[in-house]
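Note sheet for the following structure.
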Amino acid sequence: MNRCGWVTNDPLYMDYHDKEWGVPVYDDRLLFEYINLEGAQAGLSWFTILKKRENYRLAFDHFNAEKIIQFDDSKIQELLQNEGIVRNRLKVQAVITNAKAFLAVQEEFGSFSSYIWSFVNHKPIKNHFRSLSEVPVSTEISDRLSKDLKKRGFKFVGTTICYAFMQAVGMVNDHLVTCDCYNG
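If you read the sequence shown in the numbering used here, its first letter stands for residue 169, the second for the next number, and so on.
Here it is, written out as structure tokens:
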């Protein structure tokens, strides 16, 4: 199978690339998970987070925002001892902060999906890149998304993180044209 050049031959990474990356996601809970996992990745490799994803799901109640906003100091301390996640206080607290902001967005827009997808007029942008060097790390849209998320109180949502999120949840299709998943 022809894959994008960033994929290693680790089965977990290949499976993620082949079945998830770039596939449009409209489920609010899953979108919330992705935005937080992309934030957790800041300064690390995506593969590091991908290997810890199941631990994150368990630690953060499957990214149920209603439960996460109830996390208190003792829960934060527990999370900071959890070797299955990135034990960075700012990143752990960001998930709780993001849960509150996420719920406010749902209240305002009816769903987080409606809000997020409005940045691309509710349909994926299909790019036509032939090499990894052509793929941007941010765009005007990720700049706007980042600025708006920050204004709403979200943390760890810089423009590069937002663009990676947009790629992951299929808001943009950045599979290379030579990749078998390009038209998938």
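Virtual Cβ for every residue (Gly too), placed ideally from N, Cα, C.
What whole-angstrom Cβ distance do residue 332 and residue 206 have, given they're in contact under 8 Å?
-> Correct: roughly 5 Å between the Cβ atoms.
Quick one, which of 284, 266, 184 and 210 has its alpha-carbon nearest residue 255's?
-> Among 284, 266, 184 and 210, the Cα nearest to that of residue 255 is on 210.
7 Å CB neighbourhood of residue 190 in its chain, flanking five on each side removed = Sequence-distant Cβ neighbours of residue 190 in its own chain, meaning closer than 7 Å and more than five residues away, are 335, 338, 341, 342, 343 and 349.
Look up residue 250 in the DSSP assignment and say whether it is helix, strand or coil.
-> Three-state result, residue 250: coil.
Coil, strand or helix - residue 340 by DSSP = Residue 340: strand per DSSP, three-state reduction.
Three-way DSSP call (helix, strand, coil) for residue 291 in this model = Residue state for residue 291 is assigned as coil, using DSSP reduced to three classes.
If you compare alpha carbons, which of 258, 271, 326 and 202 is closest to residue 235?
-> Comparing Cα positions, the closest option is 271.
Sufficient close CB pairs (3 or more, under 8 Å) joining the stretch 212-219 to the stretch 236-250 | They do not touch, by the three-pair rule.
In the structure shown, what three-state DSSP assignment does residue 200 receive?
-> Per DSSP, reduced to three states, the secondary structure at residue 200 is helical.
Beta carbon of residue 220 nearer than 7 Å to that of residue 264 | It is not a contact, given that the beta carbons lie outside the stated cut-off.
Give the single residue among 277, 328 and 200 whose Cα lies nearest to the Cα of residue 314.
-> Answer by Cα proximity: 328.
Measuring CA to CA, which of 351, 345 and 325 is closest to residue 204?
-> Among 351, 345 and 325, the Cα nearest to that of residue 204 is on 325.
The alpha helix (DSSP H) spanning residue 276 covers which residue range?
-> Run containing residue 276: 257-277, per the alpha helix (DSSP H) assignment.
Whole-Å CB distance - residue 320 paired with residue 269, under 8 Å assumed | For residue 320 against residue 269, the beta-carbon gap comes to about 5 Å, under 8 Å, which counts as contact.
Sequence-distant residues of the same chain with beta carbon closer than 6 Å to residue 274, five excluded per side = Here the set comprises 280.
Excluding the five sequence neighbours on either side, which residues of its own chain have a C-beta within less than 8 Å of the C-beta of residue 181, listed in chain order?
-> Cβ neighbours of residue 181 beyond the five flanking positions: 175, 215 and 218.
Endpoints, the alpha helix (DSSP H) within which residue 169 is located | Careful: residue 169 lies outside any alpha helix (DSSP H) and carries neither H nor E.
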